[in-house]
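K.L.:
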Amino acid sequence: MKLLIWAQSMPQADPLAVPAVPTGPAARMLAWIEVHRGGIILAVTVALASSFLAEHYNAPAMLFALLIGMAFNFMTDTPRTLEGISFCSRTLLRIGVALLGLRLTFADVSQLGITPIVGVVGMLVLTLLGGVIFARLFGRTTAFGLLTGGSVAICGASAAMAIAAVLPKKYLKEEDILLTVVGVTAMSTIAMIVYPMLFTWLGLADVESGYMIGATIHDVAQVVGAGYSVSDTAGDIATFTKLLRVALLPVVLLVVALVFRKDAGGTAGLPWFVVAFLALMMVRNFVPLPESLLNFVNDASRFLLVVAISALGVKTSLQKLFAPGVKGLVLIAVDTVFLLLQAIIFAHIFLL
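The sequence shown lines up with residues 493 to 844 when you count with the numbering used here.
(1) In terms of residue numbering, what span does the alpha helix (DSSP H) encompassing Arg776 cover?
(2) Between which two residues does the alpha helix (DSSP H) harbouring Asp791 extend?
(3) Determine the direct distance from the alpha carbon of Trp524 to that of Ile532, and round the result to whole angstroms.
(4) Does DSSP classify Ile824 as helix, strand or coil?
(5) Taking all protein chains shown into account, decide if Ala519 is buried (16 or more other Cβ within 10 angstroms of its Cβ) or exposed.
(6) When you compare each of Thr640, Ser643, Val624 to Thr477 by their alpha carbons, which one comes out closest?
(7) At 4 residues or longer, what runs of the alpha helix (DSSP H) sit wholly inside the stretch 647–725?
(8) Measure the C-alpha to C-alpha separation of Val767 and Leu591 and round it to an integer number of angstroms.
(9) Could you pull the start and end residues of the alpha helix (DSSP H) that Arg586 belongs to?
(10) Specify the secondary structure class of Leu620 as computed by DSSP and reduced to three states.
(11) Taking Gly675 as the reference, give the member of Ala825, Leu831, Phe830, Phe838 with the closest Cα.
(12) Across the stretch 785–805 and the stretch 656–663, are there enough close Cβ pairs to call them in contact, namely three or more that are closer than 8 Å?
(13) Helix, strand or coil for Leu740 per DSSP?
(14) For Ser543 and Ser701, what's the separation of their Cα atoms in angstroms?
(15) Quick check on Thr537: does DSSP put it in helix, strand or coil?
(16) With three or more C-beta pairs closer than 8 Å as the rule, is the stretch 646–654 touching the stretch 776–795?
(17) What is the rounded straight-line gap between the Cα of Ala535 and the Cα of Ile801?
(18) At the level of alpha carbons, what is the spacing between Ser726 and Val744?
(19) State whether the stretch 731–738 contacts the stretch 697–714, with contact taken as three or more CB pairs (one from each stretch) at a distance under 8 Å.
(20) In whole angstroms, give me the CA-to-CA distance for Gly757 and Thr640.
(21) Please state whether the Cβ-Cβ distance between Ala563 and Phe556 is less than 8 Å.
(22) Whose C-beta lies closer than 7 Å to the C-beta of Val799 among residues of the same chain, with five residues either side of it excluded?
(23) Could you have a look at Gly605 and say whether DSSP puts it in helix, strand or coil?
Next comes the structure, spelled out in C-alpha cells:
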C-alpha cells in the first residue's frame, strides 16, 4: 500500500510532450553525420571507382567522376543523400581548391608572365560588354545582359547569384535568374568535356592549355575537372587563372552597384576559398615545408576534388540542364562562344 502511494506521488511524464533534443557538441555532430553520411558515402564511392578506372585505363579521373556521377542523378532528391551531395559539391570543392595553393609556386605563375594576366582582365571586360550588347540585340534588358555576361565572364552560377543580388529586383525576374544559372551550368559542363580536346587539337602545351581552360570555362568545379584531365601542370595553371577571374567578382559587383546606384543593394566580398588559396600560396613560397607534408596535402586535395566532381555529376541532370529549351540557351551560348573566340585570338597572338 505504501509502495502504491509512493508511486502515485512521483511526477508523471506528459505523453504529449516533445522529447528533449540533445544540444551538446557531440549530439550535434552525430545529427550532422546522420543527415550527410548518405550523400558523402555515395560521392566517395564514385570517386574511388573513378580513381580505380583512371589508374587502370590511363584516363582522367575527373571525367570518369563526372560521367559515373551523372548515372546516379536519380539519387539527388533522395533525403538520405541530398545534404551530403550538396556538402561534397560545394564545401569539399572549396576546401580542395584552397589546398591547391600549397602546390603553386611563383615559378609556376612566372610561366604565364604578365601578358596573360592582363589578358584575363581584358577578356572579362569585353565579355561583360558583349553580354550587354548581345542581350540588347536579343531584345533583353541591360540588367539581363550584365547577369548573363557576368556569369560567363567570372564564375558561372555563383557569379550569376552574386550579380542578381546586386541588381535591382525590378529589372530581373526570377525566371531570368533561373535561366542564367541553368544555362551557364549547361555551357560549363559541355565546355569541361569539349575544351581540353579542342585545346589539344590546337597544339597547345600544358601551360597554355591550363591558361585557356582557366580563362574560358565558367564554374570553378568544371575548370578544375578540365584542367587536371589534361595534366597536373595544366590543372594548377587553370586553377590559378580561374581564381584570378573569381577575385575580380567584387570589382564587377561594385561597378554594377554604381551603374544602378539609385536602387542597388547587396554587398561585395571575396570568396573565402580564394583568400585561403592565396594565403596558402604565400605559405608555400615563404615557409619551408616538409616534402612529405606537401605530398600528403597534394593527394588529399586531389581526392577532395574528385569527390566534389563526383557529387557535381550526381547533381547534373541533362533533362534539367536543357529544360529552358534551345532558345533560352542561345544568348548564354553566344556569350560563351564570344569568350572562347577572344581566348583563341589572344592565344594565337601572344601564346603560340
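Beta carbons are placed, not taken as given, at the ideal position from N, Cα and C, and that holds for glycine.
Quantities reported herein were computed from a predicted structural model and do not represent experimental measurements.
P.N.:
Judging by the given coordinates:
(1) 764–778
(2) Taken as a continuous stretch (DSSP letters only), the alpha helix (DSSP H) holding Asp791 covers 783–807.
(3) Distance between the alpha carbons of Ile532 and Trp524 is about 12 Å.
(4) If DSSP states are grouped into helix, strand and coil, Ile824 belongs with the helices.
(5) exposed
(6) What the structure shows of the chain is the stretch from 493 to 844, and residue 477 is not part of that stretch, so it cannot be assessed.
(7) 648–658, 666–693, 698–708, 712–722
(8) 11 Å
(9) 585–591
(10) helix
(11) The candidate whose alpha carbon is nearest that of Gly675 is Ala825.
(12) no
(13) coil
(14) 23 Å
(15) helix
(16) no
(17) 8 Å
(18) Per the sequence presented here, residue 726 reads as Ala, with Ser not at that position. Their backbone Cα atoms lie some 27 Å apart in a straight line.
(19) yes
(20) A caution first: Gly757 carries a pLDDT of 49, below 50, which makes its placement in the model unreliable, though a value can still be read off. Looking at the two C-alpha atoms, the distance is approximately 19 Å.
(21) no
(22) Ala535, Val536, Ala539, Cys580, Leu584
(23) coil
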